[in-house]
Amino acid sequence: MHTTAATAAPAAETAPAARRLPLLDVLRGVAIVGTLGTNIWLFTSAHGEAGPLIGFGVTSGGIVGGALQFLANGKFLSMLTVLFGVGLAIQYRSAEKKGRRWPGRYHWRALFLFAEGTIHFILVFAWDVLMGYAVTAIIVAWMLKRSQRAQNALMWTALGLHLTLMGLITAAMFSGPGIAPEPNPEVQALYVSGSWIEQVQFRLDNALAFRIEPVVTLPLLVFLFLLGVRLFRAGAFGAEAQGSRIRRRLLWWGLGIGVPLNLALMNGPDQLFFLERYAAAPVVMLGYIGLIGLIVEKMRRGIVMSAFESLGRTALSGYILQNLIASAVCYGWGLGLAAKYGSNAWFVAGLWLAIALVLLVGARLWLRRFSTGPAEMLQKAVLR
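If you're matching positions, the sequence shown starts at 35 in my numbering and goes up one per residue.
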């Protein structure tokens with residue numbers, strides 16, 4: 035789902051490599067791998083990416099599936115959203131320094147991102163996040179010209195609206211009939227033996243249902259974008275002592291509050307799913323940012339950190355590629371392995387690890403020859 039997902043606008047688009055914040059690239063790389071940790075269960079399920087539409091959960095698979103759900107579900111989607119807000123703040127700062135009108139040409143960037151997301155949604159993955167990010171980016175880009183008071187008002191209003199909406203959805207689920215989902219042989223056949231064209235047609239036929247997540251979570255996207263802007267301006271991603279202090283607060287508060295809350299909701303009734311994924315998960319995500327920041331501070335830069343940094347610099351390409359690989363491996367028009375092994379949680383976890391390694395190694399090798407990823411190159415060439 036929106037799990038899947040994507041990608042924050044690379045800071046490299048507005049700042050030279052020498053001025054990059056290494057932690058941001060590492061966080062982007064971790065977020066790309068982390069979103070795959072949730073989406074992989076969609077690719078390998080009996081109903082494919084259509085599972086959530088007919089009531090089947092994002093993850094399954096006993097202890098292994100539960101562990102991956104706890105670690106990944108909703109957390110890295112939130113992290114990508116925050117990082118996209120950071121990227122927007124970097125571009126705004128660059129425009130200010132150069133005396134450029136804002137949003138100015140950024141509208142074209144957002145529209146191109148929306149077009150990329152539309153193509154990705156139709157041809158590759160139904161739960162694309164780029165379209166929702168593009169719409170949110172336009173809203174927040176205009177707000178960056180307003181006063182800090184206006185930005186704060188929008189940020190907290192968006193959060194209040196989001197929590198109210200999640201509460202209403204949860205209450206409606208508890209008051210509903212609670213009918214258990216039933217297997218749909220036609221949908222199963224589509225992903226086991228259907229052609230790629232048939233899957234494209236299925237996405238188009240059900241476009242409104244597949245696009246419901248970014249619509250329902252728009253207030254959350256706005257809040258997390260603005261939170262990313264606020265954290266960047268506070269220096270949360272820099273190497274200075276101030277950044278280190280902020281990240282330690284995020285670590286203790288995010289994990290201290292978020293982990294118990296997430297566990298309680300995860301082990302409660304199924305009707306608490308929306309609160310788990312869209313309320314508790316963003317809190318845990320803040321702890322993840324603090325934890326990764328601490329690791330980057332303490333750990334010597336080696337091959338592992340360099341690989342995540344490289345993937346972060348090619349985040350858009352990595353997001354698209356992971357969904358292409360997963361589709362080709364799992365669906366009937368490709369290798370069709372989901373039909374054979376999708377019920378084996380160890381296979382699912384192993385496939386996630388294998389694709390993650392391909393992305394990490396591939397990004398590092400690619401950047402030895404090129405300055406950025408192929409999708410990022412295309413974006414720059416078109417916008418230029």
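Even for Gly, the Cβ is constructed at its ideal location relative to N, Cα and C. Bear in mind that the values here come from a model prediction, so they are computed numbers and not experimental data.
Cβ-Cβ separation between L58 and L117: approximately 7 angstroms, consistent with a contact (criterion under 8 angstroms).
By the CB criterion at 8 angstroms, L299 and L309 fall inside the cutoff.
Note that the segment 203-223 does not touch the segment 61-74; fewer than 3 beta-carbon pairs, one per stretch, sit closer than 8 angstroms. By the C-beta density criterion, L255 is buried, having at least 16 other C-beta atoms within 10 angstroms.
A distance below 8 angstroms separates the beta carbons of G324 and L285. Around V293, the same chain offers V318 and G321 as residues with beta carbons nearer than 8 angstroms, after the five sequence neighbours per side are excluded. When DSSP states are grouped into helix, strand and coil, F104 belongs to the helix group. Put simply, the segment 124-131 does not touch the segment 324-338. Fewer than three CB pairs are less than 8 angstroms apart. If you ignore the 5 residues before and after I156, its C-beta comes within less than 8 angstroms of the C-beta of V234, R237 and L238, all in its own chain and listed in chain order. Distance check between V263 and each of Y353, R283 and Q185 places Q185 closest, using alpha-carbon atoms only. With fewer than three CB-CB distances shorter than 8 angstroms, the segment 271-285 does not count as touching the segment 194-207.
Per DSSP, reduced to three states, the secondary structure at V163 is coil, with no helix or strand assignment. Bounds of any alpha helix (DSSP H) do not take in I88, whose DSSP letter is neither H nor E.
S361 is not a Cβ neighbour of A397, given a cutoff of 8 angstroms. I66 places its beta carbon less than 8 angstroms from that of G352.
Assignment of alpha helix (DSSP H) within the segment 207-254, counting only whole runs of 4 or more residues, yields 219-226, 230-239, 241-244 and 246-250 in chain order.
For S79, the three-state secondary structure derived from DSSP is coil. By the Cβ-count criterion, F257 is buried, with 16 or more other Cβ atoms from all chains shown falling within 10 Å of its own Cβ.
The beta carbon of L358 lies closer than 7 angstroms to those of V158 in the same chain, with the five residues before and after it left out. If only uninterrupted alpha helix (DSSP H) runs of at least 4 residues are considered, those enclosed by the segment 314-352 are 315-332 and 337-347. The segment 134-151 makes no contact with the segment 102-120: fewer than 3 CB pairs, one atom from each, lie closer than 8 angstroms. By the Cβ-count criterion, A268 is exposed, with fewer than 16 other Cβ atoms from all chains shown falling within 10 Å of its own Cβ.
Put simply, the backbone Cα of Y365 is about 32 angstroms away from that of V416.
When the five nearest sequence neighbours on each side are left out, the beta carbons in the same chain lying within less than 6 angstroms of the beta carbon of A175 are those of P137 and Y140, in order along the chain.
Comparing alpha-carbon positions, the option among L76, V64, G63 and L55 lying closest to S377 turns out to be L76. Looking only at M165, W287 and V226, the smallest Cα-Cα distance to I246 is reached by M165. Note that the C-beta distance between A383 and Y225 is not below 8 angstroms.
When secondary structure is reduced to three states using DSSP, R282 falls in the helix class. Under the three-state reduction of DSSP, K179 is assigned to coil, being neither helix nor strand.
Within the same chain, L87 come within 7 angstroms of A243 by CB-CB distance, once the 5 residues on both sides are set aside. Using a Cβ distance threshold of 8 angstroms, W386 and T348 do not count as a contacting pair. Taking all protein chains shown into account, Q182 has fewer than 16 neighbouring C-beta atoms within 10 Å of its C-beta and is therefore exposed. When only Cα atoms are considered, G63 and F342 end up about 5 angstroms apart.
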